[in-house]
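J.: Before anything else, here's the structure in question.
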Amino acid sequence: ETRGTLGTVHQLMITIGIVTAQALSTSKLHLLGDDRLWNRILLVPCACTTILLLVLPGCEDSPVYLLQTKGAARAAKALWWFRGKSTAEDKIWAEIFGIELELSHCGSETAGFREIARDRRLWGPVLVGIGVNLSMQVSGIDAVLYYSTRVLEDAGVPLEWAQVYTVLISSMNVLVTIPAMMLMDKAGRKVLQIYGLGGMCLAYTVMTWSLVRGHHLVTVGAMFVLVVCYAFGPGCIAWFIVAELTPVHVRPFATTVGLGANWLANFAVALTFPHILAAMHSWTFGIFAVLTLLLTLFTVVCLPETHGRTAAEIAEHYSSSAPSPGDAPAATVEPCTPMKMPRPASMASLASTADTPEGHAAGFLLRAPGMEHCAWILGRAWSPLFPSKSSGGLAAPLLLNETEFSMPPSENQSRKAMP
629 ETRGTLGTVH
639 QLMITIGIVT
649 AQALSTSKLH
659 LLGDDRLWNR
669 ILLVPCACTT
679 ILLLVLPGCE
689 DSPVYLLQTK
699 GAARAAKALW
709 WFRGKSTAED
719 KIWAEIFGIE
729 LELSHCGSET
739 AGFREIARDR
749 RLWGPVLVGI
759 GVNLSMQVSG
769 IDAVLYYSTR
779 VLEDAGVPLE
789 WAQVYTVLIS
799 SMNVLVTIPA
809 MMLMDKAGRK
819 VLQIYGLGGM
829 CLAYTVMTWS
839 LVRGHHLVTV
849 GAMFVLVVCY
859 AFGPGCIAWF
869 IVAELTPVHV
879 RPFATTVGLG
889 ANWLANFAVA
899 LTFPHILAAM
909 HSWTFGIFAV
919 LTLLLTLFTV
929 VCLPETHGRT
939 AAEIAEHYSS
949 SAPSPGDAPA
959 ATVEPCTPMK
969 MPRPASMASL
979 ASTADTPEGH
989 AAGFLLRAPG
999 MEHCAWILGR
1009 AWSPLFPSKS
1019 SGGLAAPLLL
1029 NETEFSMPPS
1039 ENQSRKAMP
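First residue of the sequence shown: 629, per this note's numbering; consecutive thereafter.
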């Protein structure tokens, strides 16, 4: 329910860092922006790194990592640290059970390039995640934040005031990111990305016109609009969209590649923009108007909505597209309706096999009464997409206390068939 908000905190910290650096180096603010004190600015990142080194040892590791390496009890302890000690025990074990179930069907080992390349349901979301991360940088926001002082100078604004305008633009980026955090889990990711990139395209068009015509105040106003659109769209979504698009065993690879592409694009834009500015002058931002238009179309066509959806449902989206040569035919699954299943081994005997995924699942159910129905639904959802390597998969031993379940009418009617 709050993953979008928490993912946006990363962007908030980046914007605070940018405006702090720019404010300290602005001569008109009389902080560290003169010839005698400028080198002391380097003490700021040193102080931040020192604080990080002191605080990190007290932080917990990822519950997924701990579940894979040290077991369920250690993972639950870490999850309590993240969720707060007041969180109900049933909720903690339900979440641990969900992670264990996903790992059991996906495989406990992290997928590599070869495994991902063979399956459209895996490489599809990875490529889209890379595209969203590239859109964050190729949209040209770094050109505005890094070189806005120089652009305004070329447009005729005095240096001291150009620096002040730059700080105000970056301050707007911080202020707008805060309401963007609140909106992230109320509106869809795709909707925000489309409106964000579309607004940036219009802002770049106005900026180009105003720079060519020499309307400096209009240029500054267009920059403010640009930052607002960026903060509500590509500025926040790129940091967590890959984790929402991919299942847990693909997530490490996908996140590494996606964020790697993000920072490489950041470097490329920062390196090439001065040369583009020197060659095109007032028409420079016309390039970004075209690029943001193309990125908007990419978002409309390729990015599925991830808000409120599980990784299994995202995999369904990609498997429903036309299969490429070599893709295995998708399995057909009936809608979740009341069904009969043979009663498996008892809960206690199943839980005694603690070293197996099924044993972990049974242990979680013993500690979290009332989870049988949820377990059955999750097993039905995941097993078609990621069949268990063990005989019969996890779907069979999940139904532990009853031989028949019926989903609530509203869920039963609305649930779509899995591919």
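All C-beta atoms, glycine included, are put in the ideal place defined by N, C-alpha and C.
Report the CB separation of Ala-808 from Cys-864 in whole angstroms; it is logged as a contact under 8 angstroms.
T.: 5 angstroms
J.: Apply the 10 Å Cβ neighbour rule to Gly-1048 and answer buried if 16 or more other Cβ atoms are within range, or exposed otherwise.
T.: The structure shown does not extend to residue 1048, since the chain is modelled only from 629 to 1047, so the question has no answer here.
J.: With DSSP as the reference, label His-935 as helix, strand or coil.
T.: coil
J.: Using DSSP with H/G/I as helix, E/B as strand and the rest coil, what is Arg-631?
T.: helix
J.: Measure the C-alpha to C-alpha separation of Phe-913 and Val-672 and round it to an integer number of angstroms.
T.: Taking the straight line joining both Cα atoms gives about 32 angstroms.
J.: Can you tell me which of Leu-820, Glu-717, Val-779 and Leu-665 puts its alpha carbon nearest to the alpha carbon of Val-840?
T.: A check of alpha carbon separations from Val-840 across Leu-820, Glu-717, Val-779 and Leu-665 identifies Val-779 as the nearest.
J.: Going straight from the alpha carbon of Ile-744 to that of Val-766, what length do you get?
T.: 26 angstroms
J.: Can we say the region 810 to 820 touches the region 833 to 849, given the rule of at least three CB pairs closer than 8 angstroms?
T.: no
J.: Grab me the residues of Leu-796's own chain with a C-beta within less than 7 angstroms of its C-beta, minus the 5 sequence neighbours each way, in chain order.
T.: Result list for Leu-796: empty, nothing under 7 angstroms.
J.: Going by alpha carbons, who is nearest to Trp-666 out of Thr-677, Leu-681 and Ala-649?
T.: Selected option, being the one with the closest Cα: Ala-649.
J.: Please work out which residues of its chain come closer than 6 angstroms, Cβ to Cβ, to Met-800, disregarding the five sequence neighbours upstream and downstream, and give them in chain order.
T.: Cβ neighbours of Met-800 within its own chain (closer than 6 angstroms, five residues either side excluded): Phe-852 and Val-855.
J.: In the DSSP assignment, the alpha helix (DSSP H) including Val-928 goes from what residue to what residue?
T.: 913 to 930
J.: Does DSSP classify Cys-687 as helix, strand or coil?
T.: coil
J.: From this set, Ala-739, Val-802 and Gly-824, which residue's C-alpha is nearest Phe-860's C-alpha?
T.: Gly-824
J.: Measuring alpha carbon to alpha carbon, tell me which residue in Glu-944, Pro-875 and Tyr-832 is nearest Leu-729.
T.: Pro-875
J.: Are the beta-carbon atoms of Thr-697 and Pro-880 separated by less than 8 angstroms?
T.: For the 8 angstroms CB-CB criterion, Thr-697 and Pro-880 do not form a contact.
J.: Grab the span of the alpha helix (DSSP H) containing Pro-753 for me, first residue to last.
T.: 748 to 766
J.: In terms of residue numbering, what span does the alpha helix (DSSP H) encompassing Leu-887 cover?
T.: 879 to 908
J.: CB-CB under 6 angstroms to Leu-1050, same chain, minus the five flanking residues each way: which ones, in chain order?
T.: Lying outside 629 to 1047, the shown extent of the chain, residue 1050 is not represented and no answer is given.
J.: Could you tell me the boundaries of the alpha helix (DSSP H) in which Asn-801 lies?
T.: It spans 787 to 812 - the alpha helix (DSSP H) in which Asn-801 sits, taken as one unbroken run.
J.: Using CA atoms only, rank isn't needed, just tell me which of Tyr-693, His-658 and Leu-684 is closest to Val-792.
T.: His-658
J.: Identify whether Asp-718 lies in helix, strand or coil by the three-state DSSP scheme.
T.: Here Asp-718 sits in helix by DSSP.
J.: Return the Cβ separation of Ile-646 and Ser-798 in integer angstroms, given the expectation that the two are a contact with Cβ distance under 8 angstroms.
T.: Contact flag correct, Cβ pair sits at about 5 angstroms.
J.: Here's a check: name, in chain order, each residue in its chain whose Cβ is nearer than 6 angstroms to the Cβ of Leu-750, leaving out the five neighbours to either side.
T.: Ile-744 and Val-878
J.: Among Ala-866, Trp-708, Ala-783 and Leu-923, which has the Cα closest to the Cα of Ala-906?
T.: Ala-783
J.: Do the CB positions of Glu-873 and Gly-712 come within less than 8 angstroms of each other?
T.: The sequence shown places Leu at residue 873, rather than the Glu named in the question. For Leu-873 and Gly-712, no; Cβs fall outside 8 angstroms.
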